[in-house]
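Chemist: Numbering (the numbering used here), first residue to last: -12 to 283. Beta carbons: idealized from backbone N, C-alpha and C, even for Gly. Provided herewith is a single structure, encoded as structure tokens, for subsequent inquiry.
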Amino acid sequence: MHRDRLFSHHPYVGGLYFLGVLGFGMFYTKPMFLLLSGGLSTLYYRSLKGDQAWKRISGLLLAALVISLVNPFFSEFGERVLFTYLGGRKYTAEALVYGLFTGGLFYTMMMWFGSYHLFMTSDRYAYLFRNMAPSMSLLLVMIERLLPLLHKKYKAMETARSVMGREKKEETLLEKIRERAVLFSALLGWTLEGSISTADSMISRGYGLPGRRSFSLYTLKKEDWILLIYMAFLILMLMLALFLGDQGGGRTAFIEDMGPFFRSMLTPGVYGLFLATPLILNLLEEIKWFILKSEI
């Protein structure tokens, strides 16, 4: 994963950003907002993963296209009939356009969740939710760690059995079930032993005792406060636009007095500025390093 400026800030900064991105993504679904969100989510994920991002991007684009094309088969809404099938069922242009929006929303949210998954490591998750739900956050962190660990252990056991010659090239269905049952039994035993060791370790370190405090390396710095205030201001403006009922600009006297272009672009501009926050941070960092290197 490439270095990202947002990841170097306090977890509150990234947590507030992704909360706003995923929350507003469910309400700002007009074409302009969807294009903004889809484009910026792709750019941000590409900046995080580099060339490895193209695999996810192409897969999600294909899934979005399938959703778009399949939607008219389940909905006959619309008057512009493109063709009929199965004895008169209509495939309409309106249903196809609605499918495009549905596929676009699916693509956009999955791209943002991909970036969120890279940001929300187990230590950040435990830190953000340690006061609201300490037991639940610990449980989710342990599950998040356990699942990939189980997959890795299963692959190692499967490879070991193959090297020992216990795996046949041609197996019947019953033999395959028996082999998988043996692997599952061994994996379950290993998991139970690991859970007992983890529980003993937590008890020996005083977990759950009254007055015990958690330790964290995270501290809120001046830059973190500036970013939190900046994003909170943009979030308030976007919430105000939703409250006024016009995602295209709002209905206050101040906004109505503006020109038609600025009135129509105000909310999309704020929305795009909020979504582009990590990209702006990365750009400022690149400019800073370019200036410093030019002075050497």
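Could you name the residues that DSSP lists as bridge partners for threonine 79?
Modeler: Indexing the sequence shown from 1 puts residue 79 at position 92. Bridge partners of threonine 79: Val68.
Chemist: Could you check what DSSP says for isoleucine 283 in three-state terms: helix, strand or coil?
Modeler: In the sequence shown, residue 283 corresponds to position 296, counting from 1. Here isoleucine 283 sits in coil by DSSP.
Chemist: Please state if the CB of isoleucine 54 and the CB of glycine 86 are separated by a distance shorter than 8 angstroms.
Modeler: To locate residue 86, count along the sequence shown from 1; it is residue 99. To locate residue 54, count along the sequence shown from 1; it is residue 67. Yes; because the gap between Cβ atoms is below 8 angstroms, this pair is in contact.
Chemist: Near proline 255, which residues of its chain fall below 7 angstroms by C-beta distance, leaving aside the five closest residues on each side in sequence?
Modeler: Indexing the sequence shown from 1 puts residue 255 at position 268. Result list for proline 255: Met19, Phe20, Leu23, in chain order.
Chemist: Would you tell me roughly how many angstroms separate the C-alpha atoms of isoleucine 190 and methionine 129, rounded to the nearest one?
Modeler: Residue mapping note: residue 190 aligns to position 203 of the sequence shown, counting from 1. Residue mapping note: residue 129 aligns to position 142 of the sequence shown, counting from 1. Near 16 angstroms, if we compare the C-alpha coordinates of methionine 129 and isoleucine 190.
Chemist: Quick one: give me the first and last residue of the alpha helix (DSSP H) that alanine 113 is part of.
Modeler: To locate residue 113, count along the sequence shown from 1; it is residue 126. Counting along the chain, the alpha helix (DSSP H) containing alanine 113 begins and ends at 109 to 115.
Chemist: State the Cα-Cα distance for the pair isoleucine 278 and aspartate -9, rounded to the nearest angstrom.
Modeler: Residue mapping note: residue 278 aligns to position 291 of the sequence shown, counting from 1. Residue mapping note: residue -9 aligns to position 4 of the sequence shown, counting from 1. Approximately 19 angstroms between the Cα atoms of the pair.
Chemist: Do you know how far the Cα of aspartate 38 is from the Cα of leucine 227?
Modeler: For the purposes of this step, residue 227 is taken as the residue at position 240 of the sequence shown. For the purposes of this step, residue 38 is taken as the residue at position 51 of the sequence shown. If I take the Cα positions, the gap works out to 38 angstroms.
Chemist: Can you list, in chain order, the residues of its chain whose CB lies under 8 angstroms from that of alanine 51, leaving out five sequence neighbours each side?
Modeler: Position 64 of the sequence shown holds residue 51. Once the five neighbours on either side are set aside, the close Cβ partners of alanine 51 are Gly90, Gly91, Phe93, Tyr94.
Chemist: My output table needs one value for glutamate 210: the three-state DSSP class, helix, strand or coil.
Modeler: Taking the first residue of the sequence shown as position 1, residue 210 is located at position 223. The answer is helix: DSSP assigns glutamate 210 an H, G or I state.
Chemist: For the 8 angstroms Cβ check, are there 3 or more pairs between the segment 252 to 269 and the segment 29 to 37?
Modeler: Segments in contact, yes.
Chemist: To the nearest angstrom, how far is the alpha carbon of phenylalanine 5 from that of lysine 163?
Modeler: Within the sequence shown, the letter at position 18 stands for residue 5. Within the sequence shown, the letter at position 176 stands for residue 163. The straight-line gap from Cα to Cα measures roughly 44 angstroms.
Chemist: Excluding the 5 residues preceding and the 5 following phenylalanine 249 in the sequence, name in chain order all residues of the same chain whose CB lies nearer than 6 angstroms to its CB.
Modeler: Counted from its first residue, the sequence shown places residue 249 at position 262. Confidence is the limiting factor: at phenylalanine 249 the pLDDT is only 47, short of 50, which leaves the residue's position unreliable and the question unanswerable from this model.
Chemist: Which word fits tyrosine 72, buried or exposed, when buried means at least 16 other C-beta atoms lie within 10 angstroms of its C-beta?
Modeler: In the sequence shown, counting from the first residue as 1, residue 72 sits at position 85. Exposed is the call here.
Chemist: According to DSSP, is aspartate 187 part of a helix, a strand, or is it coil?
Modeler: Numbered from 1 along the sequence shown, position 200 holds the residue referred to as residue 187. Correct three-state label for aspartate 187: helix.
Chemist: By the DSSP assignment, the alpha helix (DSSP H) with phenylalanine 5 in it spans what residues?
Modeler: Within the sequence shown, residue 5 is the residue found at index 18, counting from 1. Its alpha helix (DSSP H) spans residues -2 to 12.
Chemist: Please report the distance separating the alpha-carbon of leucine 160 from that of alanine 219.
Modeler: Position 173 of the sequence shown, counted from the first residue, corresponds to residue 160. Position 232 of the sequence shown, counted from the first residue, corresponds to residue 219. So the two alpha carbons sit approximately 58 angstroms from each other.
Chemist: Can you name the start and end residues of the alpha helix (DSSP H) that serine 24 belongs to?
Modeler: Position 37 of the sequence shown, counted from the first residue, corresponds to residue 24. Run containing serine 24: 18 to 36, per the alpha helix (DSSP H) assignment.
Chemist: Mark leucine 214 as exposed unless 16 or more other C-beta atoms lie within 10 angstroms of its C-beta, in which case mark it buried.
Modeler: For the purposes of this step, residue 214 is identified with residue 227 of the sequence shown, where counting begins at 1. Buried: at least 16 other Cβ atoms inside 10 Å.
Chemist: Between serine 281 and the rest of its own chain, which residues show a CB-CB distance below 7 angstroms, the 5 nearest in sequence each way excluded?
Modeler: Stepping through the sequence shown from its first residue, residue 281 is reached at position 294. Taken in chain order, the list of residues that qualify is empty.
Chemist: Quick check: the Cα distance between methionine 245 and leucine 134, rounded to an integer number of angstroms?
Modeler: On the sequence shown, position 258 is the one that residue 245 refers to. On the sequence shown, position 147 is the one that residue 134 refers to. For methionine 245, the predicted model reports a pLDDT of 46, less than 50, meaning its position is unreliable and no value from the coordinates is stated.
Chemist: What does a CB cutoff of less than 6 angstroms around leucine 115 pick up in its chain, not counting 5 residues either side in sequence?
Modeler: Taking the sequence shown and counting its residues from 1, one reaches residue 115 at position 128. Here the set comprises Pro(-2), Gly2.
Chemist: Helix, strand or coil for threonine 159? Go by DSSP, reduced to three states.
Modeler: Here the question's residue 159 lines up with position 172 in the sequence shown. Here threonine 159 sits in coil by DSSP.
Chemist: Pick from Met98, Arg132, Gly152, Trp99: whose alpha carbon is nearest that of threonine 108?
Modeler: Here residue 108 refers to the residue found at position 121 when the sequence shown is read from its first residue. Of the listed residues, the one whose Cα sits closest to threonine 108 is Arg132.
Chemist: Pick helix, strand or coil for tyrosine 217, following the three-state DSSP scheme.
Modeler: Indexing the sequence shown from 1 puts residue 217 at position 230. Three-state result, tyrosine 217: helix.
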